[in-house]
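Numbering (our numbering), first residue to last: 3 to 549.
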């Protein structure tokens, strides 16, 4: 370390965070570093251990966060000095680094067997002697554990490490619980309406993951779940992103993405998305465990007994939760899981892995300051709620709207168009193809009954001009609709003229335009009416315009 000559702030302690994978790096960046970084006595530094098979994306993440990066060759060269080294991934390479060493978990406790070069090792990852010991020497000075279950399993697998272990809780789980009051903000940011259900589809990495075993589940869900009642978000373990890259992951899910599925990037957004969710479809990854801890209903899409220790909290969770039945309607299974769920159903299981005492951030901070031999700041802040989630999302640009009457109320049921899994067996006689101006498939636009403009709102004059152009360009289309600057919708029907439609509620232009077409077909007139859009009832104020 430099001796102070080049410093602007005279720090007296240094912490080196060791990054091996995106997942472990994210824990250090977003959960642990904030516990220290406000203290001007402490300098936080990072280095990248390139020995992991899933570390390609780590330098990009660190560069994005603009941290101070120490090259691995310098950190392990013998002349570099720091007071504490922190890793969220237990590994023997810690022996090469200076300072007192702290090892913490990077998932919901430790619930997977360690994957070694020669296959799956019968030792729990992060609790294995091969990760914590070199000969008779214990590498970490302190091992922080998320819950009492891990302490018992550490005693079974590596008794020599128990004196260094301390149950402090899980900062990730604490921040997710602290963020529950922000759920409405997260849902709004994700584009999920209050009356809609957000389904999180979560996959870990590897050949036994949900993505590997059932790669078209996302498309099947979208083809069966009404889009005005449900939204879908996909969360993939960072190792999956790192091994295959964003273009491949997005490409493999392109059909679902075109149908409106939200893709959650691998760094920070998954946690707020789980907070925002109504149900999670999961495998043996940590996301499902955190969702259960928050009281969300679960459906397991798959589970790998070979990767998860028997009688571990994850194994007990899978035994307690329902699995998707491939022979039963998906929608009815999801509705039943939501309707019959008790939010406290899995709490006893999850609290064995995620200590329920609370104050995980405060306890983790106390451990760090003890290792640094410093008194904590008297003004230390509690962990922050989660930020708004990162999300990649484009609305579906083609959909079928099915007009029905339910309890005497005109009802519109909307499904995105998916090319590989058509909507089959729906008990609706008629359907209306609604295609947006942004739809790239020219054949879809020429086949549409309704064409919409949903991008930035237009003035009345701009909307009229656009509609006049479309009347000529698409002679087979009967209705055109454009969203205006004031959120009203201009509708033009061949043979019926123009209408302005407004409401006190946010309007789905595809639903409103399809309803206008259907009502004009049946009654030849369009007046103010009450309409059911998914689970909500909306009143439409309709005004005819003179052409």
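We put the beta carbon where it would ideally sit given N, CA and C, even for glycine.
Item: Residue 551 vs residue 317 beta-carbon contact at 9 Å; Value: Because the chain in this structure spans residues 3 to 549, residue 551 falls outside the shown range and cannot be described.
Item: CA-to-CA distance, residue 172 to residue 451, given in whole angstroms; Value: 53 Å
Item: Inter-stretch contact (C-beta, 8 Å, three-pair minimum) for the region 296 to 312 and the region 60 to 79; Value: no
Item: CB contact flag (residue 46, residue 89, <9 Å); Value: no
Item: With 16 other Cβ atoms within 10 Å as the buried cut-off, status of residue 239; Value: buried
Item: Beta-carbon contacts of residue 189 that lie in its chain and below 7 Å, excluding the five residues immediately before and after; Value: 200, 278
Item: Beta-carbon contacts of residue 434 that lie in its chain and below 8 Å, excluding the five residues immediately before and after; Value: 402, 403, 404, 405, 451, 452, 516, 519, 520
Item: Simplified DSSP state of residue 330, which is helix, strand or coil; Value: coil
Item: Whole-angstrom C-beta distance between residue 103 and residue 147, which should lie under 8 Å; Value: With a Cβ gap of about 15 Å, residue 147 and residue 103 do not count as contacting.
Item: Three or more C-beta pairs below 8 Å linking the region 231 to 246 and the region 197 to 212; Value: yes
Item: Same chain, Cβ closer than 8 Å to residue 327, five either side skipped, listed in chain order; Value: 335
Item: Neighbourhood of residue 459 by C-beta distance below 8 Å, restricted to the same chain and skipping five residues each side; Value: 485, 486, 487, 488, 489
Item: Buried versus exposed call for residue 8 [16 or more other C-beta atoms within 10 Å across all chains shown]; Value: exposed
Item: Limits of the unbroken beta strand (DSSP E) element including residue 70; Value: Premise fails: residue 70 is in no beta strand (DSSP E) and is neither H nor E.
Item: Straight-line Cα distance separating residue 256 from residue 482; Value: 27 Å
Item: Backbone CA spacing between residue 212 and residue 308 [nearest angstrom]; Value: 15 Å
Item: Residue 120, buried or exposed, once every other Cβ within 10 Å from all chains shown has been counted against 16; Value: For residue 120, the predicted structure reports a pLDDT of 49, less than 50, and the residue's modelled location is therefore unreliable. A value from the coordinates is still provided. Its Cβ having fewer than 16 others within 10 Å, residue 120 is exposed.
Item: Same chain, Cβ closer than 8 Å to residue 23, five either side skipped, listed in chain order; Value: 54, 56, 57, 60, 91, 108, 240, 241, 244
Item: Between the CA atoms of residue 532 and residue 412 - distance to the nearest angstrom; Value: 7 Å
Item: Closest by C-alpha distance to residue 77, when choosing among 16, 394, 198, 227; Value: 16
Item: Every unbroken alpha helix (DSSP H) inside the region 344 to 428 [4 residues or more]; Value: 349 to 355, 362 to 374
Item: Reduced DSSP secondary structure (H/G/I, E/B, other) of residue 58; Value: coil
Item: Where residue 454 falls: helix, strand or coil (DSSP); Value: strand
Item: Coil, strand or helix - residue 226 by DSSP; Value: helix
Item: Residue 465 - containing alpha helix (DSSP H), residue span; Value: 462 to 475
Item: Residue 49 vs residue 105 beta-carbon contact at 9 Å; Value: no
Item: Span separating the alpha-carbon of residue 225 from that of residue 294; Value: 26 Å
Item: For residue 27, the first and last residue of its enclosing alpha helix (DSSP H); Value: 24 to 29
Item: Under the three-state DSSP convention, the category residue 13 falls into; Value: coil
Item: Residue 217 versus residue 265: straight-line alpha-carbon distance, rounded; Value: 14 Å
Item: Beta-carbon separation (whole angstroms), residue 229 vs residue 416, contact threshold 8 Å; Value: 5 Å
Item: Which of helix, strand or coil DSSP assigns to residue 92; Value: coil
Item: Same chain, Cβ closer than 6 Å to residue 498, neighbours up to 5 away in sequence not counted; Value: 522
Item: Nearest-angstrom Cα separation, counted from residue 184 out to residue 321; Value: 31 Å
Item: Pick from 477, 469, 194 that is closest to residue 494, judged by C-alpha positions; Value: 469
Item: Cβ-based neighbour list, residue 423, same chain, cut-off 6 Å, excluding 5 preceding and 5 following; Value: Residue placement at residue 423 is flagged as unreliable, the pLDDT there being 44, under the threshold of 50; a coordinate-derived value is accordingly withheld.
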